[in-house]
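Reviewing the structure listed below.
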Amino acid sequence: MESIRSWVKKTLEEIEKKMMENLELKEMIKISAEFTKFKEIDELINEYFNLLDEKELWEQEPGSEDEIAKLDSKIEKISNEIIALLLPDDEFRDRNVFLEIRAGTGGEEAALFAGDLLRMYLRYSERMGWSTEIIDESKSDLGGYKEVVVRIKGKNSGTYMKYERGVHRVQRIPVTESGGRIHTSTATVAVLPEMKDVDVYIDPKDIRIDTYRASGAGGQYVNKTESAIRITHIPTGIVVTCQSERSQHQNKEKAMMVLRAKLYELARKEQDEKLSSQRKNQIGSGERSEKIRTYNFPQNRVTDHRINLTIYNLQAVLDGDLDLIIPKLMQYDIEEQLRELGVIQSI
């Protein structure tokens with residue numbers, strides 16, 4: 025722990041020194057980002073020490089275990105955020121994200137589970153103060169989701185949500201099962217950082233745009249106008265759709281945002297495949313084939329397989345209390361990065 029503190033102190037001093045040096049104008053843009061980061065870290069450190077002071081006061085009060093536990097959770101979260109800000113940037117930092125949930129194996133039950141995951145993420149986003157918007161959806165006959173794309177917008181949304189990439193597995197008795205047997209179904213979750221025009225250039229000649237009538241909520245209006253947009257990226261075959269808005273222009277704009285995110289993800293994967301020195305201990309590659317978590321209803325259990333974490337409070341997790349899981353994934357990931365930097369020793 026002392027080595028981590030020393031590293032944080034040294035890194036902060038280096039950032040501060042950069043900002044205090046007499047720099048040429050061309051360097052100011054680069055340094056402004058460092059200054060923003062420094063300011064954010066400074067605010068987090070103040071909050072961190074305020075929480076420690078508050079915890080010390082509660083420790084003097086008998087029967088205050090619940091309050092102390094809440095403060096410990098906040099302290100852990102903030103300390104992770106401070107260290108994460110000092111680590112090398114990744115593509116999710118300071119980005120909104122697109123969350124794509126797809127029903128996997130299990131037919132209608134998988135679609136219902138995809139709906140459960142959507143509800144879980146919407147509630148978690150609400151807890152975190154993020155805004156959410158469904159960009160596109162395809163519902164199943166029983167009210168589940170074959171596929172749904174959600175835009176999540178808010179501070180640290182990318183930093184936290186990136187840990188949800190992969191295959192989620194559910195074990196329960198489906199509503200369609202008359203014999204009372206437990207089935208295993210899956211849904212896949214992709215989390216894509218939102219890109220800007222300058223991040224990913226799309227040649228207009230490479231896309232085909234089709235319009236069609238939107239379906240779903242919205243009354244008779246959706247059946248009378250061709251406001252929904254389908255964009256096909258011809259070189260890669262990637263297709264994105266958006267029908268969340270009544271305006272063709274707005275739907276096109278949002279579909280292009282999703283397309284940029286998908287093209288960026290494709291380029292990232294191709295680059296990762298070429299680099300043999302990729303981090304082996306990273307939590308999750310984000311591949312859809314990778315099983316990351318199991319939700320077992322008969323045992324009231326949620327198990328995250330990446331860090332062997334088991335929680336016997338399934339309903340709390342499904343109700344959006346992902347603070348039971350994500351900060352621990354974040355902490356493990358940070359420790360692995362610190363080991364790579366030589367800040368802490370490998371076990």
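Just remember that the working numbering sits 24 ahead of the position in the sequence shown, which is counted from 1.
Just so you know, even glycine gets a beta-carbon here, dropped at the ideal spot from N, CA and C.
Report the partner residues of residue i according to the DSSP bridge assignment.
| i | result |
| --- | --- |
| His329 | Per DSSP, none; premise fails for His329. |
| Phe122 | Arg175 and Leu216 |
| Tyr319 | Val194 and Val326 |
| Tyr169 | Lys163 |
| Glu157 | Arg175 |
| Thr210 | Arg193 |
| Ile65 | For Ile65, which the question treats as bridged, DSSP gives no partner whatsoever. |
| Thr334 | Thr327 |
| Ala15 | Outside the shown range of the chain (25 to 371) lies residue 15, about which nothing can therefore be said. |
Name the residue from the options whose alpha carbon lies nearest to the alpha carbon of residue i.
| i | options | result |
| --- | --- | --- |
| Thr210 | Ile253, Asp118 and Tyr319 | Tyr319 |
| Asn324 | Val341, Ile316, Gly87 and Asn332 | Val341 |
| Asp140 | His207, Asp343 and Val282 | Asp343 |
| Asn120 | Pro86, Val282, Val172 and Gly87 | Val282 |
| Tyr290 | Ala214, Pro322 and Leu338 | The question names Tyr, but residue 290 in the sequence shown is Leu. The option with the nearest alpha carbon to Leu290 is Ala214. |
| Thr183 | Glu218, Arg363, Arg270 and Glu67 | Glu218 |
| Arg237 | Lys352, Tyr148, Gln272 and Leu216 | Gln272 |
| Tyr288 | Asn275, Ser268, Ile262 and Gly130 | Ile262 |
| Thr256 | Gln267, Asp230 and Ile106 | Asp230 |
| Asp234 | Gly203, Pro322, Cys266 and Asp223 | Cys266 |
| Ile206 | Pro322, Ile69, Asn74 and Tyr336 | Pro322 |
| Glu372 | Phe73, Ile331, Ser268 and Arg143 | Outside the modelled stretch of the chain, which goes from 25 to 371, sits residue 372, for which no answer is possible. |
| Lys177 | Asp113, Arg330 and Thr156 | Thr156 |
| Glu133 | Leu333, Val194 and Val264 | Val194 |
| Ile253 | Met280, Arg363 and Lys79 | Met280 |
| Glu105 | Val191, Gln355 and Leu348 | Gln355 |
| Ser268 | Glu250, Arg284 and Ile258 | Glu250 |
| Val199 | Leu216, Leu166, Lys79 and Thr334 | Leu166 |
| Tyr225 | Lys286, Val191 and Ser181 | Lys286 |
| Ile331 | Leu338, Ile349 and Asn337 | Ile349 |
| Leu68 | Lys98, Asp114 and Met152 | Lys98 |
| Val173 | Thr327, Tyr145, Ile358 and Phe122 | Phe122 |
| Arg232 | Asp223, Lys276 and Asp347 | Lys276 |
| His329 | His192, Ile358, Glu359 and Lys220 | His192 |
| Tyr5 | Ser181, Tyr336, Ser164 and Val264 | Because residue 5 is not part of the residues shown, which for the chain are 25 to 371, the question remains open. |
| Val264 | Lys163, Asp347, Ile335 and Glu171 | Glu171 |
Can you tell me whether residue i is buried or exposed? The criterion is at least 16 other CB atoms within 10 Å of its CB, across all chains shown.
| i | result |
| --- | --- |
| Leu81 | exposed |
| Glu89 | exposed |
| Arg143 | exposed |
| Thr260 | exposed |
| Lys50 | Residue confidence is low: Lys50 scores 41 on pLDDT, short of 50, so the model does not pin down where it sits. Its coordinate-derived value is still stated next. Looking at its Cβ environment, which holds fewer than 16 other Cβ atoms inside 10 Å, Lys50 is exposed. |
| Pro86 | exposed |
| Gly130 | buried |
| Met52 | Summary for Met52: the model assigns pLDDT 43, below 50, so the residue's position carries little reliability; its value from the coordinates is reported in the next sentence. So Met52 ends up on the exposed side. |
| Thr212 | buried |
| Lys293 | exposed |
| Ile316 | buried |
| Glu278 | In the sequence as displayed, the identity of residue 278 is Lys instead of Glu. Per the 10 Å Cβ criterion, buried. |
| Ile258 | exposed |
| Glu83 | exposed |
| Tyr245 | Residue confidence is low: Tyr245 scores 42 on pLDDT, short of 50, so the model does not pin down where it sits. Its coordinate-derived value is still stated next. With fewer than 16 Cβ atoms within 10 Å of its Cβ, Tyr245 is classed as exposed. |
| Tyr201 | Per the sequence shown, the amino acid found at residue 201 is Glu instead of Tyr. Classification of Glu201: exposed, given that the 10 Å Cβ count is below 16. |
| Leu346 | buried |
| Leu216 | buried |
| Asp66 | exposed |
My understanding is that residue i touches residue j, with C-beta atoms under 8 Å, so please give their C-beta distance in whole angstroms.
| i | j | result |
| --- | --- | --- |
| Ala127 | Tyr169 | 7 Å |
| Leu111 | Gln361 | 5 Å |
| Arg175 | Ile159 | 6 Å |
| Ile125 | Ala138 | 5 Å |
| Glu71 | Ile102 | 6 Å |
| Leu353 | Tyr148 | Wrong, their Cβ atoms sit about 13 Å apart, outside the cutoff. |
| Glu314 | Gly190 | 4 Å |
| Asp223 | Arg284 | 7 Å |
| Leu95 | Glu115 | That belief does not hold up - the Cβ atoms of Leu95 and Glu115 are roughly 32 Å apart, past 8 Å. |
Just curious, the beta strand (DSSP E) that residue i is in, first and last residue?
| i | result |
| --- | --- |
| Arg139 | Just to set this straight, residue 139 is Gly in the shown sequence, not Arg. That residue, Gly139, is in no beta strand (DSSP E); its alpha helix (DSSP H) goes Gly131 to Met152. |
| Thr265 | Ile262 to Cys266 |
| Arg254 | Ala252 to His257 |
Just to confirm the assignment, what range does the alpha helix (DSSP H) spanning residue i have?
| i | result |
| --- | --- |
| Lys101 | Glu89 to Leu110 |
| Ile233 | Note, Ile233: premise wrong, no alpha helix (DSSP H); beta strand (DSSP E) at Ile231 to Tyr236. |
| Asp357 | Ile350 to Glu364 |
| Val341 | Leu338 to Leu342 |
| Thr183 | Ser181 to Met185 |
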